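Student:
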Amino acid sequence: MALHRTSLLNQMDPESKEGKGSQATEDRLDSGLDSMKDEDYQAVAEEIHRLQLECEQHRASAPGEPLPEWRTQITEDGDTLLHLAIIHEAKDYIRQMIDLSKNTNFLNRQNDLRQTPLHLAVITNQPDVCHSLLLSGCDPTLVDRSGDTALHISCRHGNLHCFSVITQNCRPEHLHTAMAACNYNGQNCLHLASVNGFLSLVERMVDLGADINATEQHNGRSALHLAVDQQNHSLVKLLLTKGADPNLLTSGGHTPFHLTYGLENWDIRKELYPVTHPDLRELPDSESDLSEEEEDEFDMVPYDDIQWNGH
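In UniProt numbering, the protein residues as written are 1 to 311.
(1) CB-CB under 6 Å to S154, same chain, minus the five flanking residues each way: which ones, in chain order?
(2) When DSSP labels each residue in this structure, what does residue 328 get in the three-state scheme?
(3) Is the CB-CB distance between M205 and L190 below 7 Å?
(4) Quick check on the burial criterion: 16 or more other C-beta atoms within 10 angstroms. Buried or exposed for P256?
(5) Going straight from the alpha carbon of K270 to that of N105, what length do you get?
(6) Is D79 buried or exposed, if buried means 16 or more other CB atoms sit within 10 Å of its CB?
(7) With DSSP run on the structure shown, which of helix, strand or coil describes T250?
(8) Residues in its own chain within less than 8 Å of V195 by CB, not counting five upstream and five downstream?
(9) Going by DSSP, name the residue or residues bridged to T167.
(10) Note the first and the last residue of the continuous alpha helix (DSSP H) segment covering Q96.
(11) DSSP state of residue 314, grouped into three classes?
(12) CB-CB under 7 Å to N169, same chain, minus the five flanking residues each way: which ones, in chain order?
(13) Locate the alpha helix (DSSP H) running through P127, then write down its first and last residues.
(14) Please list, in chain order, all residues of the same chain as L113 whose beta carbon is under 7 Å from its beta carbon, the five residues on each side excluded.
(15) Considering only residues of the same chain and omitting the five flanking positions on each side of W159, which have a CB-CB separation below 7 Å?
(16) Could you tell me if R59 is buried or exposed, where buried requires 16 or more neighbouring beta carbons within 10 angstroms of its beta carbon?
(17) Is N213 closer than 7 Å to S251 when the C-beta atoms are compared?
(18) What is the DSSP secondary structure of C189, counted as helix, strand or coil?
(19) What's the gap between the Cα of A210 and the Cα of F198?
(20) Smallest Cα separation from T75: which of N111, I94, D245?
(21) Are the beta-carbon atoms of V165 and P117 separated by less than 7 Å?
(22) Grab the span of the alpha helix (DSSP H) containing R85 for me, first residue to last.
(23) Return the CA-CA distance between I268 and A178, expressed in angstroms with no decimal places.
(24) Return the CA-CA distance between H88 and P66, expressed in angstroms with no decimal places.
(25) According to DSSP, is E216 helix, strand or coil?
(26) For M97, which option in G243, C138, D279 has the closest C-alpha, if you only look at C-alpha atoms?
(27) Buried or exposed, going by whether 16 or more other CB atoms sit within 10 Å of the CB of T72?
(28) If you draw a straight line from the C-alpha of A193 to the C-alpha of P274, how long is it?
(29) Ends of the alpha helix (DSSP H) at L201?
(30) So is P140 buried or exposed if we call it buried at 16+ other beta carbons inside 10 Å?
(31) Look at the Cβ atom of Y184, then the Cβ atom of G147, and state whether they are nearer than 7 Å.
(32) Straight-line CA distance for L208 to S200?
(33) To the nearest angstrom, how far is it from the Cα of H176 to the Cα of T215?
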């Protein structure tokens, strides 16, 4: 029988957490760690962390131990009780269920929209829940039915708090995977932040190692192309300062400067002209709208029309 959202919250009663005191880790073993190089030490630390997570997950899903009932209940929309608790911002239930499900697949369960608890935490703007999920072992690289990770969603909506929590609390390989991944519209996180004009997010992603020249899969536009499309002069300046390539071509063979033809923001045109290669300033297969003297002086007098194939 399908369960309904309105009745599920009343059924939430996660089992009380058994007191399993963690062993103190203060004692230091003299194993020569102080003599190791920083990169070697980091590699050893990451391997120990990985093995610890695998052991904890194995114990949590030991064969023969039935799952608690609250973990198995699913609504007609595919939501677990954790999904519903996040949707309704039931903080106490959220905290209990996450604490009882550390490093288990329950934290990564996807509903019929392929949304994980982390997706819903970003959608409902609950950075504290994002933090708890990440520390408890959820996977930030999973995508919903649109191909969006939770980081994609935070970039689309300019959710700086959730973006900061995710980028600061997920493993480096997960972060780079999430930032580089393109959704089913062919856009990565940097493209989404750029097209929506979120300069702070763009700057942070580039500083975190995002490829500033990555292009959309469908038409080959870079973040700089998108900034020109949106007539966002501040973003154009930021991207150029951060090292964006002004000579990248779209799938149709256009540079960012080509996209300024026919647009009203003359300041963007002035910004891109000197950094664009001379051979890439004229529109492909068209006559230049600038005379030879204007090209030398770049006298900024707005043009009236574009000529295509001489017409």
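No residue lacks a Cβ here, since even glycine has one placed at the ideal position from N, Cα and C. Treat the numbers as computed from the prediction; the structure is a model and nothing was measured.
Tutor: Well, looking at it:
(1) Within the same chain, S154 has close Cβ partners V122, C162, F163.
(2) In the structure as shown, the chain starts at 1 and stops at 311, and residue 328 therefore has no counterpart that could be examined.
(3) yes
(4) Result: buried.
(5) Whole-angstrom Cα-Cα distance: 53 Å.
(6) Buried, by the Cβ-count rule.
(7) coil
(8) Q187, L226, D229, Q230
(9) Paired residue(s): none; T167 is not in a bridge.
(10) 91 to 99
(11) The structure shown does not extend to residue 314, since the chain is modelled only from 1 to 311, so the question has no answer here.
(12) H131, L134, L135
(13) Note, P127: alpha helix (DSSP H), 127 to 135.
(14) Within the same chain, Cβ atoms closer than 7 Å to the Cβ of L113 are found at D144, R145, the five residues on either side in sequence being excluded.
(15) Looking at the sequence provided, one finds Asn at residue 159 rather than Trp. Around N159: V122, N125.
(16) For R59, the pLDDT reaches just 47, beneath the cut-off of 50, and the residue's location in the model is therefore unreliable, leaving the point undetermined.
(17) no
(18) helix
(19) 15 Å
(20) N111
(21) no
(22) Residue identity check: residue 85 is Ala in the sequence provided, not Arg. That run of the alpha helix (DSSP H) goes 81 to 87.
(23) 31 Å
(24) 28 Å
(25) coil
(26) C138
(27) exposed
(28) 26 Å
(29) 199 to 207
(30) Classification for P140: buried.
(31) yes
(32) 12 Å
(33) Going by the C-alpha atoms only, they are around 16 Å apart.
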